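Protein chains in written order, with our numbering: chain U, 237 to 579; chain Z, 237 to 579. Notes for the one structure printed next.
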DNA sequence: GGTCGTCTCGTAAACGTTTACGAAAGTTGT
DNA sequence: ACAACTTTCGTAAACGTTTACGAGACGACC
């Protein structure tokens, strides 16, 4: 069923049918109604290839995720919930969402080249943003509008939304300092992902505010995964001069840290206080419940949808590129206790 | 950069360029080389809309998932790993994969109508298959090839791949019977999802083989989620005549069961033996480690890719619709012990 | 040299849509 | 009654490909 068959069936021209279906002005109300009625009756839906060929736009947003990455192996439901909320918003605006999985073994630049050249999406949302991100330079050269989840230091004409890693780290330091901790370790990612830099900056700022000297041996880099958390827990618990608090920039490492502590006979909270990053249903099953930060994933997903569609607006003021930092709220937990008298 | 510009740059016709790029016969080797060289130099990639409009095929496979569903909230990495392997295979065959998220609040039939009519994919992979699945009837009517992950009783011309839920349940019964258990409870999903029926069938078959009468009060239906598992654990632990073994048709409920047992003072293994479904990295953090079944997710993903592309083969023998059951292998765990002397 | 076949390539139509343009009909104003 | 404007619609071109068809060049063969 194409538009010509529909037009013939109504004995009018395809031009009029198209105008009616697209709510273009200058079509008689009576005709409009007839067309709409016939379209639903005959189950007509515009062919996407024909439409986007003519319009040069596909009404589709691409969401680029890295797969095969340890963080995803960890059973992280983060993207599922965010994508769902984003998809909901986009569907309201008559946009489709496709998820473009780039395997971590692939060359992300080549992957993007294909996506760009094939013209399958009108705009992209990038994730796993790096501090120096070659994909951003590449996208900036192409004319494809895009935004990133996570800041980058690579310049380019794009919008971004980032979680307030710096604020979370700073607040985490404040919370443990308030309880009397002075020897505070931190687990950071072992790659160039941007959040690591912001988390570290907040950590350093918090220490400085409390007048605590930086001890480089307490800054530990591990993969963002359960295994990485396990390694982190082993390292921290095995230190000659054990820290009394441990801050985590990712919640997926928390389970690993707890497991390592269990093996090493270290009790979270009593021996070493823990502040995790994002609150997560998984944490129901960690004992004692880790202190963490709450993030509204639905709101984040909707905001992503709004931001990416803004890029496509003809209104210059709306489509202006901008950055946004999403705050998180502190959630106390049993894993947070004053340091033991002995320490 | 379109094909005309490329042709003009080479001073040959667009027809020849297209033939060269698509490896069609009848183009001079020298010309072929020139075209390929110029294409890479100028970064030419065929526009997808133009190509699929002409060819009537998009070289894209759609993967339909339900989002907003409690099972996904549970931090299940199942789809991530499977999708990744599938994507890898499809990319080798020059096919793209798009994930089509259907929100559980949406009408899945309407969602599919749009997908079908817009002609955005050449074939579909469906998940969360129901025993009676209206989507299958709908897809069968449309001419869009599709396959399902999970069997359905709804007839239609399609291929399917299913995990061996029946075999797993039967084996689970055998394992606990071998240890002396006679009072065996089972947790089933509370909706019409097909796997529940097969798991129950295997459970009943196992009981029959062991000569154990069916006790309907031991067949408990809960949502497939951590909360559902929690409820299941509470119910089982609170029974007047406690069962000595509990079989789970889904691993996401396991954590909830453990948590409920902890609250009720029931010790997994010693008081009630547990057999979970699929082995899962999360289980590293459950104590005692649950007995479960191992599934090669990579192999499953590749197999899905092969099966869905087979649907599109011009070779009738290859494209013949077929079903396939994937076996899982038993993994012993500390959660499996003989019943206590008292029972 | 004429006929035939093969190799290579150019021409043009087709896929399904949107939209600029102009034509026809109707309305208003003088 | 005529001009000018508005409303409504039909016509045809365009988007970027692929491919059926035919034409030209060339060699082989009788």
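We put the CB at the ideal spot given by N, CA and C, even for glycine. Note that the structure is predicted; figures quoted are calculated from it, not measured.
Nearest neighbour of residue i, chosen from the options [CA to CA]
i, options, result
"residue 567 of chain U", "U/536, U/393, U/542, U/532", "U/532"
"residue 471 of chain U", "U/508, U/558, U/401", "U/508"
"residue 406 of chain Z", "Z/563, Z/237, Z/573", "Z/563"
"residue 479 of chain U", "U/273, U/522, U/395, U/417", "U/417"
"residue 451 of chain U", "U/474, U/343, U/419", "U/419"
"residue 410 of chain U", "U/500, U/557, U/442", "U/442"
"residue 455 of chain U", "U/447, U/462, U/469", "U/469"
"residue 362 of chain U", "U/371, U/292, U/355, U/281", "U/371"
"residue 314 of chain U", "U/422, U/264, U/517, U/547", "U/517"
"residue 399 of chain Z", "Z/326, Z/448, Z/539", "Z/539"
"residue 357 of chain Z", "Z/506, Z/551, Z/333", "Z/333"
Any chain Z beta carbon closer than 9 Å to residue i
i, result
"residue 356 of chain U", "yes"
"residue 495 of chain U", "yes"
"residue 350 of chain U", "yes"
"residue 329 of chain U", "no"
"residue 435 of chain U", "no"
"residue 309 of chain U", "Interpretation of residue 309 of chain U is limited by its pLDDT of 49, a score under 50 that renders its predicted location unreliable; the figure taken from the coordinates is listed afterwards. Yes, residue 309 of chain U lies at the interface with chain Z (some Cβ there is under 9 Å from its Cβ)."
"residue 532 of chain U", "no"
"residue 325 of chain U", "no"
"residue 294 of chain U", "yes"
"residue 542 of chain U", "no"
"residue 505 of chain U", "no"
"residue 513 of chain U", "no"
"residue 316 of chain U", "yes"
"residue 244 of chain U", "no"
"residue 332 of chain U", "yes"
"residue 288 of chain U", "yes"
"residue 482 of chain U", "no"
"residue 401 of chain U", "no"
"residue 284 of chain U", "yes"
"residue 353 of chain U", "yes"
"residue 522 of chain U", "yes"
"residue 320 of chain U", "yes"
Close-in-space but distant-in-sequence residues of the same chain around residue i (CB under 7 Å, 5 per side omitted)
i, result
"residue 504 of chain Z", "494, 497, 510, 524, 571"
"residue 330 of chain Z", "295"
"residue 271 of chain U", "246, 253, 256, 257"
"residue 522 of chain U", "490, 491, 494"
Any chain U beta carbon closer than 9 Å to residue i
i, result
"residue 343 of chain Z", "no"
"residue 518 of chain Z", "yes"
"residue 489 of chain Z", "no"
"residue 303 of chain Z", "yes"
"residue 337 of chain Z", "yes"
"residue 502 of chain Z", "no"
"residue 535 of chain Z", "no"
Own chain partners of residue i with C-beta closer than 6 Å, once the 5 adjacent residues on each side are dropped
i, result
"residue 347 of chain Z", "338"
"residue 401 of chain U", "431, 434, 435"
"residue 308 of chain U", "Low per-residue confidence applies at residue 308 of chain U: pLDDT is 48, beneath 50, and the placement is therefore not dependable enough to give any value."
"residue 311 of chain Z", "Low local confidence applies: a pLDDT of 49 at residue 311 of chain Z is under 50, so the model's placement there is unreliable, and no value is given."
"residue 380 of chain U", "352"
"residue 457 of chain Z", "424, 426"
"residue 318 of chain U", "533, 536, 537"
"residue 515 of chain U", "528, 530, 567"
"residue 512 of chain U", "484, 487, 490, 526, 528"
Beta-carbon proximity check, residue i vs residue j, cutoff 9 Å
i, j, result
"residue 301 of chain U", "residue 335 of chain U", "yes"
"residue 481 of chain U", "residue 404 of chain U", "no"
"residue 553 of chain Z", "residue 397 of chain Z", "no"
"residue 375 of chain U", "residue 385 of chain U", "no"
"residue 541 of chain Z", "residue 321 of chain Z", "yes"
"residue 543 of chain U", "residue 558 of chain U", "yes"
"residue 267 of chain Z", "residue 248 of chain Z", "yes"
"residue 547 of chain Z", "residue 383 of chain Z", "yes"
"residue 298 of chain U", "residue 285 of chain Z", "no"
Same chain, Cβ closer than 8 Å to residue i, five either side skipped, listed in chain order
i, result
"residue 368 of chain Z", "388, 389, 390, 428"
"residue 565 of chain Z", "529, 530"
"residue 274 of chain Z", "242, 245, 246, 280"
"residue 466 of chain Z", "492, 493, 495, 496"
Inset, instruction - Give the residues from the segment 359-393 of chain U that approach chain Z closer than 9 Å (Cβ to any Cβ), ordered along the chain. - result: Of all residues in the segment 359-393 of chain U, none comes within less than 9 Å of chain Z when Cβ atoms are compared.
Inset, instruction - Pull out every residue of the segment 248-282 of chain U whose Cβ sits closer than 8 Å to any Cβ of chain Z, in chain order. - result: Going along the segment 248-282 of chain U in chain order, one finds 279, 280, 281, 282 with a Cβ nearer than 8 Å to chain Z.
Legend entry - Cβ-based contacts, 7 Å cut-off: residues of the segment 448-475 of chain Z near chain U: So the close ones are 462.
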